[in-house]
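Numbering (this note's numbering), first residue to last: 1 to 628. Glycine included, each C-beta is placed from N, C-alpha and C at the ideal position.
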């Protein structure tokens, strides 16, 4: 099944059903297949009220509400089939709960989804930061936001400013026929002049761009002489016809309109368009060299991904490239906008957000896009928030949203930045402790206690690595290289004086002292024998040594403090020694190369017969690594 032009709502892909359709659902199914979700929901609801409450019908009903973002209704009906344990149903149910402010319950079902789809990027992100909602909201508001006076009772969205005019997409043209998706007129492009007081004058149709089909989301070339915009492929008489139901399914195409005598009347379809997939949401980079857009073309990571193409001198496009998995997810990404300071803003329902579509941003560094950040409240809400733009010079911008309290189904909101979106460029150099020479291809990662939050990066020929991180948080930068011990450096990022760190790695030989491998002490909690995260970090160094010297054998001697009886301490130390050995074995070291001995309290660093403080007791609870 191919999609029609979709601009307002992105979550369109339906999924498999437990029960098959039958003759009773024929009318409703036809409406659903034509993307007439409002009317489809009415028909499915009629069937339910007649007592025909199959899982198939309920799921179709829930999907119909989901596709028009009727979150309360979608939540209600997904809840009735959650027992079927379909991962995508559970994901959608979680999203609707979140949209309705039920964050705790939403997280519960996201946990279930993560267990079912452990390798899904949405699941991985959630498991790494399960408290992400509190974290997003806790950062506070960085923008003032208000509804603008050109909004109508219909859908208005996707604004851009050019030459003291605002251009936007709207379904207010009641002369157009209604679109079955949401029972609103087809979309057109409008413009409104901004007067000296900053008010918007009565909007006018941009006649030269509009047709009887959908148009929307436009962007100007750097010189202002070309407009890129979205239009249905039906305009080109390009569509696919379903053999099953005879419906015609078109695509979203990107067109460009070139100015001739003050009118954009030379219109042509871009050569990247194809009847088998959609391209939409075009945006020209500030330097005019690239076109960013959203597409569901083959080879992407999810339903819709963000792509970039080079704009050649003759106006053609080349080098179409996917922005990669840091930006794109298994969900849907769209509405890209590149600011003057090269920050990419876009909307997604696949990254961790507080609503349906949230606005995120990423920066380009070292040839890659950084991990995305959520723009936060009040730009993002429990609803769909999209088509974000901002002028970084005057700190004004716009975002579109279907949040409660608006004038129409989608409204345009004006933004004013009141706090910086605080990012820090963290640069670090990895060097050899003996030679002070930079270490090339050292592996580094960033952790905030919930797991790795930035992809592993290799240091360059100068030993340099760089990360874009949010200020205000504490991080650990970990560096490792074969032949060297692993090093972790804690850093707290502030807006002032971004740090330049030097990470000094010691050659592994420095860990071997006479008959021992000397690590920082492997401490255990009182009366515990489990391996802590700090202990694991040190034991990874032992693993590195044993990998470098494959003939080396190690005896692990574990000690306790003097509290408790001697027999109990003996048993506890044996359990600690065995736990230590098991950890090393789990990292690939053959068990024949390791021996565990529990020393109990026999050999203490501190004599506690007359009393010890807690630190001294802790140092007595240690492990030592003897080379055989």
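For residue 99 and residue 561, I'd like the C-alpha separation in whole angstroms. 52 Å
Taking residue 258 as part of the alpha helix (DSSP H), name the residues at either end of that continuous run. Counting along the chain, residue 258 falls outside any alpha helix (DSSP H), though it belongs to the beta strand (DSSP E) covering 252-260.
Cα separation between residue 97 and residue 380? 16 Å
Does the structure place the segment 428-446 close enough to the segment 164-176 that three or more beta carbon pairs sit under 8 Å? no
The segment 209-221 contacting the segment 193-201, beta-carbon criterion three pairs below 8 Å: no
Out of curiosity, what's the CA-to-CA distance linking residue 629 and residue 619? The structure shown does not extend to residue 629, since the chain is modelled only from 1 through 628, so no value can be given for it.
How big is the Cα-Cα spacing for residue 136 and residue 285? 28 Å
Does the Cβ-Cβ distance between residue 59 and residue 81 come in under 9 Å? yes
Buried or exposed: residue 361, going by 16 or more other Cβ atoms within 10 Å of its Cβ? buried
Which of helix, strand or coil DSSP assigns to residue 407: coil
If you draw a straight line from the C-alpha of residue 282 to the C-alpha of residue 222, how long is it? 13 Å
Three-state secondary structure assigned by DSSP to residue 552: coil
Going by CA-CA distance only, name the one from 537, 387, 409 and 417 that's closest to residue 394. 417
Pull up the DSSP beta-bridge partners for residue 96, would you. In the DSSP output, where bridge partners are listed per residue, residue 96 has none listed.
Between the alpha carbons of residue 226 and residue 463, how many angstroms are there, rounded? 44 Å
Since residue 188 is in the beta strand (DSSP E), which residue starts that stretch and which ends it? 188-193
So, with DSSP's three-state summary, where would you put residue 391? strand
List the endpoints of the continuous beta strand (DSSP E) containing residue 308. 305-311
Report the partner residues of residue 332 according to the DSSP bridge assignment. 304
Would you check if the segment 110-126 and the segment 334-343 touch, i.e. whether three or more CB-CB distances between them fall below 8 Å? no
Taking only three categories from DSSP, how would you classify residue 617? helix
Alpha-carbon to alpha-carbon, residue 86 and residue 16: Any answer about residue 16 is weak, because its pLDDT of 37 lies below 50 and its placement is not dependable; what the coordinates show is given next. Cα to Cα, the separation comes out at about 9 Å.
Helix, strand or coil, according to DSSP, for residue 274 in the structure here? strand
Cβ-Cβ distance between residue 581 and residue 603 below 9 Å: no
Which residues in the same chain as residue 391 place their Cβ atom closer than 7 Å to its Cβ, once the five residues preceding and following it in sequence are excluded? 397
Taking C-beta to C-beta, are residue 356 and residue 329 nearer than 9 Å? no
Quick one, are the C-beta atoms of residue 322 and residue 372 less than 9 Å apart? no
Thinking residue 444 and residue 477 are a contact (beta carbons under 8 Å), I'd like their distance in whole angstroms, please. 6 Å
Local conformation of residue 373 per DSSP, three classes: strand
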